[in-house]
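Working notes, structure below.
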Amino acid sequence: MNFRSSATCVLVLSAHLLLLSACSDDGSPTAAESGDSSDEDIGLVALGSLEDQGVRVTLHGPELLESGYTPFEVELTEVASGLAIERAVVQITPIMCLVTEMGEMNHGAPSEPPAQVESDDGCFENPVVLIMPGDWQLHVTFSEALGRAGSVTFNLDVVEGDQFARIVGDDGLSYFVALVEPRRPAVGRHDFELAIFSQKSMMSFPAVTDLEIDMVPTMPAMGHGSPENESPFHTDAGHYKGKVNFIMTGDWRLDLTLRRDQVTIASTQFDLRVGKGPAR
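Numbering of the sequence shown is given in the numbering used here, commencing with residue 1317 and proceeding in unit increments.
Structure representation (structure tokens):
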């Protein structure tokens, strides 16, 4: 994909903020509205819609965009017929333009393009790890079954999130550790998932697949932890899955130790506010 030069970096087509129904939004109340803090209730909203080559591209994502692991969906619709495009290759490439004392420079972020090329509703999932707050451009490219191919660019404002960490390991590598699940923790035993990437260059962020991770949840104010936790292990493409058990509401801390070949290379932590809700 050919991107605009840094001099024209900011002169991209702005996304129209349209109130469209999201691919994942079934009209049910959000978790905050219903009082249920389960992850399944986290919906996406339409962040904007742009057209190219007779195809309407609608970007869906969280209403509040924060640095960290961000679920995006790209919806493709044929403009002329209004029908969903159910077969296509889709990819989101995130770009941030920075102005420094040395001039303008671009950098990317980890992106997980959909492996599938078919979708019953024309929506294609493509999560992105937004590695810092600021103004981001999401370049969306598509190529569909009828031969049409195009691209659009969405401008997004991202705020600081607390479920993401950038750390430099003892091996000298930069690691991007993003909390995937639980995003809205409640009392009970939850699926626990991390996505971990390293940085090879300003535009290359390969998945890290060879770590051993210890995860220990505690309540610092109460001086205790919890039983029945399972430290995450690598499952696929830099994702590590385990279990975490929150036995009461309040402020919890998840201490993470990253090892390779039984040698500790880095550590970090996430602070979470745990609310009421059914155990998972």
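Think of the CB as a built atom: it goes at the ideal place given N, C-alpha and C, for glycine as much as any other residue.
Please state whether the Cβ-Cβ distance between residue i and residue j is less than 8 Å.
i	j	result
residue 1504	residue 1562	yes
residue 1531	residue 1547	yes
residue 1371	residue 1395	yes
residue 1452	residue 1412	yes
residue 1472	residue 1494	no
residue 1458	residue 1405	yes
residue 1428	residue 1443	yes
residue 1526	residue 1575	no
residue 1533	residue 1539	no
residue 1375	residue 1364	yes
Classify residue i as buried or exposed, calling it buried when 16 or more other Cβ atoms lie within 10 Å of its own Cβ.
i	result
residue 1432	exposed
residue 1353	With a pLDDT of 35 at residue 1353, under the threshold of 50, the predicted position of this residue should be treated as unreliable, and no value is reported.
residue 1585	exposed
residue 1549	exposed
residue 1398	exposed
residue 1388	buried
residue 1515	buried
residue 1441	buried
residue 1554	buried
residue 1462	exposed
residue 1379	exposed
residue 1475	exposed
residue 1517	exposed
residue 1498	buried
residue 1579	exposed
residue 1430	buried
residue 1362	buried
Mind checking who residue i pairs with in its DSSP beta bridge?
i	result
residue 1469	1455
residue 1545	Partner(s): none; residue 1545 has no beta bridge.
residue 1422	1413
residue 1369	Answer by DSSP bridge pairing: none, since residue 1369 is not bridged.
residue 1407	1457
residue 1588	1568
residue 1529	1574
residue 1495	1510
Just to check my reading of the structure: residue i and residue j have Cβ atoms closer than 8 Å, yes? What is that Cβ distance to the nearest angstrom?
i	j	result
residue 1408	residue 1438	Incorrect: roughly 16 Å between the Cβ atoms, too far for contact.
residue 1582	residue 1512	Not quite, the Cβ-Cβ distance comes to about 10 Å (not below 8 Å), so this is no contact.
residue 1434	residue 1403	5 Å
residue 1392	residue 1425	Actually they are not in contact, since the Cβ atoms of residue 1392 and residue 1425 sit about 23 Å apart, beyond 8 Å.
residue 1423	residue 1519	7 Å
residue 1590	residue 1449	About 25 Å; that fails the 8 Å criterion.
residue 1545	residue 1560	6 Å
residue 1588	residue 1529	Residue 1588 to residue 1529, Cβ: 17 Å. No contact.
residue 1557	residue 1507	7 Å
Is the CB of residue i under 8 Å away from at least one CB in chain B?
i	result
residue 1462	Structure shown: chain B not included; a single protein chain is present.
- [ ] Decide yes or no for the touch test of the segment 1562-1574 against the segment 1459-1468: beta carbon pairs closer than 8 Å, at least 3 of them.
- [x] The segment 1562-1574 vs the segment 1459-1468: no contact.
Task: Contact the segment 1411-1422 vs the segment 1374-1389: 3+ CB pairs below 8 Å - done: Result no; under three Cβ-Cβ pairs closer than 8 Å.
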